[in-house]
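First up is the structure itself, then whatever we jot down about it.
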Amino acid sequence: MDRLAITARLKEFWGKYKFVLLILLVGIIFMSLPEAGDRQKPEERIITEDVPVNHAQELEEILSQIAGVGKVKVLLTEAEGAETVYQTDTDHSTSSDSDSLRIETVIISDSGRAESGLVRTVTPPKYLGAIIVCQGGDQPVLKLSIVEAVSNATGISSDRITVLKMK
Numbered sequence: 015m016d017r018l019a020i021t022a023r024l025k026e027f028w029g030k031y032k033f034v035l036l037i038l039l040v041g042i043i044f045m046s047l048p049e050a051g052d053r054q055k056p057e058e059r060i061i062t063e064d065v066p067v068n069h070a071q072e073l074e075e076i077l078s079q080i081a082g083v084g085k086v087k088v089l090l091t092e093a094e095g096a097e098t099v100y101q102t103d104t105d106h107s108t109s110s111d112s113d114s115l116r117i118e119t120v121i122i123s124d125s126g127r128a129e130s131g132l133v134r135t136v137t138p139p140k141y142l143g144a145i146i147v148c149q150g151g152d153q154p155v156l157k158l159s160i161v162e163a164v165s166n167a168t169g170i171s172s173d174r175i176t177v178l179k180m181k
C-alpha cells in the first residue's frame, strides 16, 4: 500500500469512528482522576475523628462565665463510660448439615495504610452525680443557676447535684 491509500483509509476510519474514539479518550482521562481525589480524604478524616472530651473541664469553663460564680471545680461521677459501637457485617448461611453465623467488624484504611474500625454510633457517658465547688456557692440564686446548668448539660437530676462554697 502506498502512502496516499493509508491516509485515505485513516481519514475514512476517523470520519466513521471519531465519536467513539473521543468518548474512549475522555473515559481514560476520567479513570486517571480518582488518584487526585484520594488525597483529599485524610483531611476529611481529621475533621471527623473523635477527640476525647473531659466534660468536667468543659463545665468548669462554662460555669466560671456565670456572673458571681468565680473559680469553679467540678467532679462528675460516671455510672457508665462512653461506648463506641462499630459497624459489623453479618453473614448467615444455612446448609442441610449446619447453620453458620459469621460476624466481622468493618475495617477501613486510610492512605497511610492505618486501619481502624468503622464507627456506627458513640453513646456519651452516663453520670450518677456531680459536686460543684465555687466561690459564689453560698448564694441561693447562683446555686439554682448552677444546678440547672449542670442538669441540662449532663442529664443528671437536680437532687444528685451538690453546689458548695469554695474556701
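Each residue of the sequence shown is one higher than the last, beginning at 15 in our numbering.
Don't be surprised by glycine CBs; every beta carbon is placed ideally from N, CA and C.
Predicted model, so just to flag it, every value in this text is computed and none were measured.
- For residue 150, count neighbouring Cβ atoms within 10 angstroms of its own Cβ and tell me buried if that reaches 16, exposed if not. Buried, by the Cβ-count rule.
- Item | Per-residue burial, residue 168 [other beta carbons within 10 Å of its own, 16 or more giving buried] | With 16 or more other Cβ atoms within 10 Å, it is buried.
- Taking C-alpha atoms, which residue in 146, 135 and 76 lies nearest to residue 89? Here the closest residue by C-alpha is 146.
- Thinking C-beta only, is residue 133 closer than 8 Å to residue 98? The beta carbons of residue 98 and residue 133 sit closer together than 8 Å.
- Query: What first and last residue would you give for the alpha helix (DSSP H) that runs through residue 14?
  - Reply: Nothing can be reported for residue 14, as the shown portion of the chain is limited to 15 through 181.
- Query: Cα separation between residue 100 and residue 124?
  - Reply: When the Cα atoms are used, residue 100 and residue 124 turn out to be separated by approximately 17 Å.
- Message: Per the DSSP calculation, residue 126 is bridged to which residue(s)?
- Response: Its beta-bridge partners do not exist; DSSP assigns none.
- residue 47 lies in the beta strand (DSSP E); which residues open and close that run? Following the DSSP letters along the chain, one finds residue 47 in no beta strand (DSSP E), marked with neither H nor E.
- Message: Using a Cβ-Cβ cutoff of less than 7 Å, which residues in the same chain neighbour residue 170 once the five nearest sequence positions on both sides are dropped?
- Response: So the list reads 141, 143, 144 and 164, once near-sequence residues are dropped.
- Query: For residue 132, which three-state DSSP category applies?
  - Reply: Three-state result, residue 132: coil.
- Where residue 26 falls: helix, strand or coil (DSSP): Three-state result, residue 26: helix.
- In terms of residue numbering, what span does the alpha helix (DSSP H) encompassing residue 107 cover? Counting along the chain, residue 107 falls outside any alpha helix (DSSP H), though it belongs to the beta strand (DSSP E) covering 102-108.
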